[in-house]
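Numbering (full-length UniProt numbering), first residue to last: 1 to 116.
And the structure:
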């Protein structure tokens, strides 16, 4: 990921699992390593996937509509959200990773998966 100030970093997880539809695509992650500052995705561990038409978060309103503007594994909204609005650099509606060095709003992100 790269923020709007040009700082780059990465987050790597020992395990990354998404459950079946019957479990609302619940997220399960393992140990974090990387250069993205604090482990902002840890807050979302065991969260269910929320979209604009499927409110599975624990907040009083649907986070995908009222706060972040994109689908994600929300709890009471987020500490990171890689599906937010692009080019929003001063609002939680943007693509963000809390605790990222030199600014939490992202210009670019990429999620990559490797089968074990």
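Positions of the beta carbon are idealized from the N, C-alpha and C atoms, including for glycine.
### Query
Quick one: Cα of residue 62 to Cα of residue 99, how far?
Locating residue 62 in the chain shown gives position 62, where the first residue counts as 1. Locating residue 99 in the chain shown gives position 99, where the first residue counts as 1. Each residue's Cα considered, the two are about 24 Å apart.
- prompt: With distances taken between CB atoms, is the gap from residue 17 to residue 33 smaller than 8 Å?
  reply: Residue 17 sits at position 17 when you count from the first residue of the chain shown. Residue 33 sits at position 33 when you count from the first residue of the chain shown. Not in contact: residue 17 and residue 33 (Cβ atoms no closer than 8 Å).
Minimum C-alpha distance to residue 136 - residue among 83, 111, 59
The structure shown does not extend to residue 136, since the chain is modelled only from 1 to 116, so the question has no answer here.
Between which residues of its own chain and residue 94 is the CB-CB distance below 7 Å, once the five residues before and five after are set aside? As a first step, residue 94 is located in the chain shown; it is residue number 94 there, counting from the start. The beta carbon of residue 94 sits closer than 7 Å to those of 84, 85, 88, 105, all from its chain and outside the five residues before and after it, given in chain order.
Practice item. Could you have a look at residue 61 and say whether DSSP puts it in helix, strand or coil? Key: Position 61 of the chain shown, counted from the first residue, corresponds to residue 61. Correct three-state label for residue 61: coil.
From the DSSP secondary-structure annotation, give me the bridge partner or partners of residue 91.
Indexing the chain shown from 1 puts residue 91 at position 91. Secondary-structure assignment with DSSP links residue 91 through no beta bridge to anything.
Among the residues of its own chain, which have a CB less than 8 Å from the CB of residue 52, if the five just before and after it don't count?
Taking the chain shown and counting its residues from 1, the one referred to as residue 52 is at position 52. Only 62, 64, 65, 71 meet the Cβ criterion.
Exercise for the section: Name the one or two DSSP bridge partners that residue 43 has. Expected result: Against the chain shown, residue 43 aligns to sequence position 43. Looking at the DSSP assignment, residue 43 forms no beta bridge with any residue, so it has no partner.
Practice problem: Rounded to whole angstroms, what's the CA-CA distance from residue 57 to residue 3? Just pull it up for me. | Solution: Residue numbering aside, residue 57 sits at position 57 when the chain shown is read from its first letter. Residue numbering aside, residue 3 sits at position 3 when the chain shown is read from its first letter. The straight-line gap separating the alpha-carbon atoms of residue 57 and residue 3 is approximately 26 Å.
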